[in-house]
Amino acid sequence: VKLKKKKACLSLFFSSTALHLIAFLMQKMCSVWNKLITELTRLSHTFLHVPQLHWIVVEDAPQPTPLVTDFLAASGLTYTHLYKLTPKDRKLQEGDPSWLKPRGAEQRNEGLHWLREMGAAAKGKEAAALEEAVVYFADDDNTYSLQLFEEMRYTYRVSVWPVGLVGGMKFERPVVEDGKVVRFHTGWRPNRPFPIDMAGFAVSLRLILTNPQARFDGDAQMGFLESSFLQHLVTMDDLEPKADLVNLELYSLILSSVF
């Protein structure tokens with residue numbers, strides 16, 4: 001495992017209320033580095049308001065870039081800085097549509113691998129504390145409501161909620177009947193095992209640690225990246241709807257959470 005810097009505070013990592021946010025950063029051309037830093041600044045300023053948050057940043061690069069290294073060092077956040085280069089045959093080529101190949105599979109898997117390494121080293125009270133920690137996949141180009149992070153803290157296995165302005169729709173959301181998720185309101189391929197956006201779920205760290213085979217498939221077909229991971233962890237019946245069981249009255253909160 002390639003680790004440039006571990007700045008994760010162990011007391012936070014082994015806190016029972018910790019949120020571990022895995023974010024992948026694509027390789028950028030020089031012309032868009034300024035946009036990346038703008039997005040990271042906006043995101044980090046949100047995260048600074050979230051207690052017990054650990055930001056795991058994984059660059060798609062052969063080594064850490066100085067710009068991201070310096071940014072994280074000055075962010076004021078507890079973070080871990082990793083890197084994992086996407087194999088050439090899985091990279092988008094110039095002119096390819098953005099949906100042609102899954103993005104961020106290797107980097108998210110690297111973040112999961114790091115968490116599993118840390119979990120394997122935990123003993124006694126530290127290991128017990130991991131039972132309540134939660135993992136979320138936070139992309140750098142999304143915007144999040146602070147209340148979303150409080151919702152996801154109460155995740156037993158996999159929690160889900162609506163996501164705004166995704167897939168050409170005003171929102172996508174779980175459809176709940178009698179307290180259970182029965183299907184998803186989505187604009188594309190509702191027959192997928194889990195027709196959900198990456199921003200629409202959080203996972204118990206305990207569940208990840210006890211299912212080492214759960215990974216993102218870098219060869220998954222379009223729209224199936226989330227399913228390739230979740231199908232190793234839960235069934236649809238296991239999903240935990242948040243936001244007051246996805247009540248319509250809370251859409252003003254959730255629609256502003258991620259876009």
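According to UniProt numbering, the sequence shown is numbered sequentially starting from 1. Glycine included, every Cβ here is placed at the ideal spot set by N, Cα and C.
Please name the residue or residues paired with residue i in a DSSP beta bridge.
| i | result |
| --- | --- |
| residue 53 | 19 |
| residue 104 | In DSSP, residue 104 forms no bridge with anything. |
| residue 123 | Per DSSP, none; premise fails for residue 123. |
| residue 79 | 55 |
| residue 68 | In the DSSP output, where bridge partners are listed per residue, residue 68 has none listed. |
| residue 185 | 173 |
| residue 180 | 177 |
Within 10 Å of its beta-carbon, does residue i have 16 or more other beta-carbons around it, so buried, or fewer, so exposed?
| i | result |
| --- | --- |
| residue 156 | exposed |
| residue 30 | The predicted position of residue 30 is uncertain, since its pLDDT is 47 and thus under 50; a value taken from the coordinates is nonetheless stated next. Classification for residue 30: exposed. |
| residue 162 | buried |
| residue 182 | exposed |
| residue 188 | exposed |
Taking just the CA atoms, how far does residue j sit from residue i?
| i | j | result |
| --- | --- | --- |
| residue 136 | residue 95 | 31 Å |
| residue 87 | residue 93 | 12 Å |
| residue 191 | residue 224 | 11 Å |
| residue 139 | residue 178 | 32 Å |
| residue 114 | residue 45 | 24 Å |
| residue 216 | residue 240 | 21 Å |
| residue 118 | residue 144 | 27 Å |
| residue 83 | residue 110 | 8 Å |
| residue 116 | residue 208 | 8 Å |
| residue 34 | residue 104 | 20 Å |
| residue 229 | residue 70 | 32 Å |
| residue 219 | residue 97 | 16 Å |
| residue 226 | residue 112 | 14 Å |
Nearest CA to the CA of residue i: which residue from the options?
| i | options | result |
| --- | --- | --- |
| residue 62 | 106, 124, 93 and 72 | 106 |
| residue 202 | 212, 71, 89 and 234 | 234 |
| residue 195 | 178, 170 and 222 | 222 |
| residue 89 | 74, 102 and 35 | 102 |
| residue 232 | 151, 131 and 213 | 213 |
| residue 164 | 184, 200 and 132 | 200 |
| residue 64 | 75, 210, 51 and 85 | 85 |
| residue 237 | 153, 176 and 154 | 176 |
Do residue i and residue j have their C-beta atoms within less than 7 Å of each other?
| i | j | result |
| --- | --- | --- |
| residue 205 | residue 49 | no |
| residue 23 | residue 57 | yes |
| residue 197 | residue 39 | no |
| residue 47 | residue 77 | yes |
| residue 25 | residue 59 | yes |
| residue 54 | residue 20 | yes |
Any beta carbon from chain D within less than 7 Å of residue i's own beta carbon?
| i | result |
| --- | --- |
| residue 58 | The question asks about chain D, but that chain is absent: this structure has only one protein chain. |
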